[in-house]
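Notes follow the structure.
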Amino acid sequence: MMTQRISIVENILNANDRLADENRSRLDEFDVFALNLMASPGAGKTTLIEQTLSLLPKQHHVAVVDGDVATSIDADRAAKAGAVAAIQINTGGGCHLDAVMFNQALDKLDLNQVDILLVENVGNLICPSGFKLGTHKSILIASVPEGDDKPYKYPGMYRGVDALVINKIDLLPYVPFDMDYFKKGVEILNPGLVIFPLSCQTGQGIDKWIDWLSKALIDIHNSQ
Ligand code: MG
Ligand code: ZN
């Protein structure tokens, strides 16, 4: 019984990965650099997207795909902040995006008009890491009020990402958060991971994130 269950789960993940590969080819065909932004609810994904839209040089056309359990609040915010397009995916209660949903969102975008595609995954530190979408980079947004033990409690998420934002560092004086303990946990799971401590509220540290994004965009275009 147990073996059968496991093989069904594996088949679902294999089918997802195949479609994720197709999504990636499509993005590459149109020279679109896509990032999968993952975090727990309230870490600041949407606020980071807004800040990124306002700070990235305007020659980069940014579109946003927003995965949300029920509302279009986040996509509306992205559109207001200057996204060339903001597509809402309502997961109907589902707790992660998958390659099928992302594929449907790509159908709704004019990829000729897009340089960077920011995908806001559903707020959840568990299953989004298990479902590839076809994006080029996975970014995890942690935040200070969540606590410094999260790398230890959600290793799968921390292991699989290409960059880590630590948002809300302006709250460090007010909440218990041992940055060394946090970073030690990250280093065990994902050695050498690039980390951006920043505050979307005060703006502190965001320039380094924007620089990294701009350089990653150039690198990806050179390799496409
Ligand atoms: Mg959001
Ligand atoms: Zn899920």
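Each residue of the sequence shown is one higher than the last, beginning at 503 in our numbering. Ideal Cβ positions, reconstructed from N, Cα and C, are used throughout, including at glycine. Since we're looking at a predicted model, the values are computed, not measured.
For residue j and residue i, believed in contact at Cβ under 8 Å, the rounded distance
i, j, result
"N669", "A545", "6 Å"
"I591", "G569", "5 Å"
"L674", "V696", "Wrong, their Cβ atoms sit about 20 Å apart, outside the cutoff."
"P653", "L691", "6 Å"
"I551", "A577", "10 Å between Cβ atoms; not a contact."
"A585", "A607", "About 13 Å; that fails the 8 Å criterion."
Residues that DSSP places opposite residue i in a beta bridge
i, result
"I671", "None; I671 has no bridge partner."
"G569", "I591"
"P699", "I668"
"S645", "N669"
"V564", "I618"
Range of the contiguous alpha helix (DSSP H) that encloses residue i
i, result
"D578", "I575 to K582"
"D721", "I708 to S725"
"I628", "Premise fails: I628 is in no alpha helix (DSSP H) and is neither H nor E."
"L691", "M681 to L691"
Limits of the unbroken beta strand (DSSP E) element including residue i
i, result
"G544", "No beta strand (DSSP E) contains G544, which DSSP labels as neither H nor E."
"N605", "Segment A601 to D609 is the alpha helix (DSSP H) holding N605; no beta strand (DSSP E) there."
"V621", "I618 to E622"
As assigned by DSSP and simplified to three states, the class of residue i
i, result
"G658", "helix"
"S640", "strand"
"A536", "strand"
"V511", "helix"
"V677", "coil"
Who's in the neighbourhood of the ligand MG, going by beta-carbon under 6 Å from any heavy atom, listed in chain order?
K547, T548, D576 and E622
Closer than 5 Å from C-beta to any heavy atom of the ligand ZN: which residues, in chain order? C597, H598 and C629
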